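This report concerns only the one structure given below.
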Amino acid sequence: MKIIRDLSAYKSPDFTAVSIGMFDGVHLGHQSVISLLKEMAKEKKLKTALLSFWPHPRKILNPELEIHLLNTLEEKENLLEKAGVELLFLQEFSEDFRNMDAEDFVKEILVKKLQAKYIVIGHDHSFGKGKKGNFELLQRMGNELGFEVEQLEEVSVENQDISSTEIRLALLESRIKDANKMLGYSYNLSGEVIHGKKLGRKIGFPTANLKVDSTKLLPKKGAYIVEVWLDNQFYKGMLSIGT
Numbered sequence: 002m003k004i005i006r007d008l009s010a011y012k013s014p015d016f017t018a019v020s021i022g023m024f025d026g027v028h029l030g031h032q033s034v035i036s037l038l039k040e041m042a043k044e045k046k047l048k049t050a051l052l053s054f055w056p057h058p059r060k061i062l063n064p065e066l067e068i069h070l071l072n073t074l075e076e077k078e079n080l081l082e083k084a085g086v087e088l089l090f091l092q093e094f095s096e097d098f099r100n101m102d103a104e105d106f107v108k109e110i111l112v113k114k115l116q117a118k119y120i121v122i123g124h125d126h127s128f129g130k131g132k133k134g135n136f137e138l139l140q141r142m143g144n145e146l147g148f149e150v151e152q153l154e155e156v157s158v159e160n161q162d163i164s165s166t167e168i169r170l171a172l173l174e175s176r177i178k179d180a181n182k183m184l185g186y187s188y189n190l191s192g193e194v195i196h197g198k199k200l201g202r203k204i205g206f207p208t209a210n211l212k213v214d215s216t217k218l219l220p221k222k223g224a225y226i227v228e229v230w231l232d233n234q235f236y237k238g239m240l241s242i243g244t
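Counting in this note's numbering, the sequence shown runs without a single skipped number right up to 244 at its last residue.
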C-alpha cells in the first residue's frame, strides 16, 4: 500500500475508486466499503484508494473534548493494507481544510488530485464546510465531472448497527465480545514495554508494563483474559488496566 501524506502538490497518476472517512477501527462497516471498492476497481480497472484524515476532525472542531481512538495511525495503516487498499491519502485536517466548501473539495481533491472515477460513501456521510456535502451533491457533480457514486446501507451485526462510536462505548463498558463482533477481529493494544515497580516478581509470574499511545482507547478499568504476541509467539495472559 502506498501512503501519500502530502496532497498539496500531488496528482494521482492513476484513476481511482475512492471512499472518504476516518476509518477508525477498520470495523465491519468499513470492511464492506473496502470490499465494494476492490470489486469496482477490478471491474473498471481503477486503483483502490481511501482518503482519511489526521488528526481526528473532532480535535479541531471541539479541541476542549478529549477523544481516544480505536487505532493509532500506524495500526490503522496496517489494517488497511491487510484489507487490500492500494492507495491511502492522509489529508491534514486543518482550519483551512475545515472551511473548504463541499463543491471545492470534490473538484480540487477528489477529482483533480485523486482522479476519482468511482466514489463510495457510508449511509450518513457528509463533508465540506457546514457538512453540506452529501450523496445527492456527489451524484449531481458526478454527472458534471465524470464519476460514479454509490451510497452503502448501514451495516449491523446481531441487530446492532456498527459504528466506531458504538465500539468505543462497548469497550468503555467492558463489553469486549460486542466490540469484537462489530470490529470483525479482536481489539488489541500495542506499545513499548517499560520498567515498572517489578510487582510481578512477588507473585511468581512474568509481567510486563505496556506504554500505550496516548491517543489509543483503553477498555474500562479491570482485569481481562488476553493473548499476548511476543517474539513471534502467542502466550495466554492476564491484562490489568488501572488496577
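Note that CB positions come from ideal geometry on N, CA and C, so glycine has one too. Source: prediction; values computed, not measured.
Exposure of residue i, with buried meaning 16 or more beta-carbon neighbours within 10 Å
i	result
Gly192	exposed
Val194	exposed
Arg99	exposed
His196	exposed
Glu167	buried
Asp232	exposed
Ile204	exposed
Leu219	exposed
Ala10	exposed
His31	buried
Gly26	buried
Identity of the residue in the options nearest residue i by Cα
i	options	result
Leu89	Ser187, Lys48, Val156	Lys48
Thr73	Gln234, Met23, Lys114	Met23
Asp97	Lys43, Leu62, Lys133	Leu62
Phe136	Pro56, Glu154, His126	His126
Glu151	Ser9, Phe16, Met41	Met41
Lys113	Leu71, Gly243, Leu8	Leu8
Arg141	Ala103, Glu87, Ile21	Ala103
Phe128	Thr166, Gln116, Ile110, Lys118	Ile110
Glu174	Lys60, Val121, Gly223, Gln92	Gly223
Ile68	Glu78, Glu76, Lys77, His57	His57
Leu91	Leu52, Lys77, Leu70	Leu52
Met183	Val158, Val227, Leu190	Val158
Gly243	Val227, Gln234, Lys221	Lys221
Ser20	Lys130, Ser36, Ser241	Ser36
Asn79	Ser33, Ser95, Met2	Met2
Leu139	Val156, Glu155, Val121	Val121
Leu71	Asn189, Val34, Glu155	Asn189
Leu29	Trp230, Gly185, Lys212	Gly185
Pro14	Leu115, Glu155, Phe235, Tyr225	Leu115
Arg59	Phe94, Gly26, Val34	Phe94
Through-space distance from residue j to residue i, alpha-carbon basis
i	j	result
Ala84	Ser164	18 Å
Glu145	Trp55	30 Å
Phe247	Lys108	Residue coverage of the chain in this structure runs from 2 to 244, which leaves residue 247 outside it and unanswerable.
Lys39	Val86	8 Å
Phe148	Arg169	34 Å
Lys217	Asp105	33 Å
Ala117	Ile177	37 Å
Leu153	Thr208	45 Å
Glu75	Leu81	10 Å
Asn181	Lys45	33 Å
Lys198	Gly134	52 Å
Glu228	Asn210	15 Å
Phe206	Lys237	12 Å
Bridge partners - residue i, DSSP secondary structure assignment
i	result
Gly134	Phe128
Met239	Ile226
Ser53	Leu91
Glu149	Tyr119
Ile195	Asn210
Ala18	Thr49, Tyr119
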